[in-house]
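Comments concern the structure below.
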Amino acid sequence: MTPEPTPPAESPSTSPGPTSDAAPQERVPNPLSHLLDVLQLEQVGDGDGSAADPDHFRGVSVHQPTGRVYGGQVLAQAVLAAGRTVPEGRLPHSLHGYFLRPGGLDVPIDLAVERLRDGRSFSARRTHAIQHGKPILSMIASFQEDQGGIEHSSPMPDAPAPEEVPSALDVLGGIDHPIARFWSHHSAFELRHVGGSLYLGPDHEPKDHQMVWMRARGDVGDDQLLHRALMAYACDQVMLEPILRQSGTSWVTPDLSIASLDHAMWWHRDVRVDDWLLYVQSASSAQGGRGLGAARVFAQDGTLVASIAQEGMVRLPAL
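Mapping the sequence shown onto UniProt numbering, position 163 (from 1) lands on 163, and the numbers just tick up by one.
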């Protein structure tokens, strides 16, 4: 998992957390508008002056105080690139991606899409995100047109309303630190951790689960492909936090090294990231410097809209 706001890690994707003084904080008047601009991919040719290649795109990166590309951003860009190559009316219902290398903020990201299959109702695409001629992310996504069928979903657990839960601004607003400022003022998404966050210290009662309310800081429009890509962007920030909770560590634990290794998502229903979403998370295992986090994502009305799993590298010097 690479952080929206995270410390640098040795793997492709870094995680979020108030840890390092890395790069100076960039002033972004409207973080969500800036992110939406970044996600406007350019269609490009093969470099010989020929017409644009319908399967080749290029993007830039959102500034990060860590100095590295946030993994969720690359994942969102890969979803959008793949989505621009499928027949009209088909939306992503699942993806599996591997973070292969760290990405640099000052280098454009090339996104090469391979059309694996177009069936009567499903399409499959492989997308490589590339910098310096090497892939930093490899993702396969499946798309489906809207169809009827059996309807079932797990119920949402009881949780306090988002308005009753402290925000990152409440927790970090008075701290003069680049990553604290990022989370409290410059992130495109608002996060509210039920029962307390891990920004400033560990959970006093270690547990392998947590709940987080999350919402974009403004209207996103009605493009469902964009909403699903933005969910991929946002969720990478929190997927490994239950592992930290269970181990009694936090984002400020000295010399913590954490990064996403792979990421899987299943969108069950249409989603709006500009409405509150509840992430109900758990960590089923941690071993060998790796941990597995999972999440079920509910709309505020209790509808299950997505399921997510992520394995990450989690290392501490003493372990």
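Beta carbons: idealized from backbone N, C-alpha and C, even for Gly. Note that this is a predicted model, so its numbers are computed, not measured.
>> Less than 8 Å between C-beta atoms, sequence neighbours within five positions excluded: which residues of the same chain meet that for Ala-286?
In response: Ile-243, Gln-246, Ser-247, Leu-292, Val-314
> What residues in its chain sit with their C-beta under 8 Å from that of Leu-111, if we drop five residues either side in the sequence?
Replying inline: Leu-41, His-56, Phe-57, Arg-58, Gly-59, Gln-77, Ala-78, Ala-81, Thr-127, His-128, Ala-129, Ile-130
> Anyone know if the C-beta pair for Glu-163 and Leu-198 falls short of 8 Å?
Replying inline: no
> Rounded to a whole number of angstroms, what is the C-alpha to C-alpha distance between Pro-102 and His-263?
Replying inline: 15 Å
> For Glu-26, which residues of its own chain have a beta-carbon under 6 Å away from its beta-carbon, when the five flanking residues on both sides are left out?
Replying inline: Low confidence applies to Glu-26: its pLDDT is 46, below 50, so where it sits in the model is not reliable enough to give any reading.
> Heavy atom of the ligand GDP less than 7 Å from the Cβ of Asp-274, yes or no?
Replying inline: Inclusion of the ligand GDP in the displayed structure is not the case, the ligand content being empty and no account of it being possible.
> Should Ala-52 be labelled buried (16 or more other beta-carbon atoms within 10 Å of its own) or exposed?
Replying inline: exposed
> How is the beta strand (DSSP E) around residue 385 delimited, first residue to last?
Replying inline: No answer is possible for residue 385: it lies beyond the span of the chain, which begins at 1 and ends at 319.
>> With a threshold of 6 Å on Cβ separation, who are the neighbours of Pro-166 within its own chain once the five nearest residues in sequence on each side are excluded?
In response: none
> To which residues of the same chain is Arg-90 closer than 7 Å at the C-beta, ignoring the five residues directly before and after it?
Replying inline: Ser-123, Phe-143, Gln-144, Glu-145
> When burial is assigned at 16 or more other CB atoms within 10 Å of the CB, is Gln-237 buried or exposed?
Replying inline: buried
> Using the rule of at least 16 other Cβ atoms within 10 Å of the residue's Cβ for burial, across every protein chain shown, is His-193 buried or exposed?
Replying inline: buried
> For the candidate residues Gln-43, Gly-72, Tyr-70, Gly-83, whose alpha-carbon lies nearest to that of Leu-225?
Replying inline: Gly-83
>> I need the boundaries of the beta strand (DSSP E) containing Glu-190, first residue and last residue.
In response: 189 to 194
> Using the rule of at least 16 other Cβ atoms within 10 Å of the residue's Cβ for burial, across every protein chain shown, is Pro-24 buried or exposed?
Replying inline: Low confidence applies to Pro-24: its pLDDT is 39, below 50, so where it sits in the model is not reliable enough to give any reading.
> Candidates Ile-179, Ser-33, Leu-75: which alpha carbon is nearest Leu-261's?
Replying inline: Leu-75
> What do you get for Pro-65, buried or exposed, if any count of 16 or more other CB atoms within 10 angstroms of its CB means buried?
Replying inline: buried
> When burial is assigned at 16 or more other CB atoms within 10 Å of the CB, is Arg-181 buried or exposed?
Replying inline: buried
> Is the stretch 278 to 285 touching the stretch 200 to 213 in the sense that three or more CB pairs, one from each, lie closer than 8 Å?
Replying inline: yes
>> Suppose the cutoff is 6 Å on Cβ atoms and the five residues either side in sequence are ignored; what does the same chain contact list for Gly-302 look like?
In response: Met-156
> So Asp-262 is in the beta strand (DSSP E); what residue range does that whole segment cover?
Replying inline: 257 to 267
> So His-227 is in the alpha helix (DSSP H); what residue range does that whole segment cover?
Replying inline: 224 to 235
> For Glu-42, does the three-state DSSP call read helix, strand or coil?
Replying inline: strand
> Exposed or buried, what is Pro-31 when buried is set at 16 or more other beta-carbons lying within 10 Å of its beta-carbon?
Replying inline: buried
>> Would Met-239 and Ala-295 qualify as a contact pair, given that the criterion is a beta-carbon distance under 8 Å?
In response: yes
> For Ala-57, which residues does DSSP report across the bridge?
Replying inline: First, the residue type needs correcting, since residue 57 is Phe and not Ala in the sequence shown. Phe-57 is bridged to Gln-43, Leu-111.
> Where does Gln-64 fall in DSSP's three states?
Replying inline: coil
> What three-state label does DSSP hand Ile-150 in the structure shown?
Replying inline: coil
> Considering only residues of the stretch 155 to 224, which uninterrupted beta strand (DSSP E) runs meet the minimum length of 3 residues and lie entirely inside it, listed in chain order?
Replying inline: 189 to 194, 209 to 216
> Would you say Pro-178 faces chain C, with C-beta separation under 8 Å as the test?
Replying inline: No chain C is part of this structure, which consists of one protein chain only.
> Is the CB-CB distance between Trp-276 and His-93 below 8 Å?
Replying inline: no
> Is Asp-21 helix, strand or coil when you go by DSSP?
Replying inline: Residue confidence for Asp-21 is low, a pLDDT of 36 falling below 50, so the modelled location carries little weight; the figure read from the coordinates is stated next. In the structure shown, Asp-21 sits in coil (DSSP, three-state: anything other than H, G, I, E or B).
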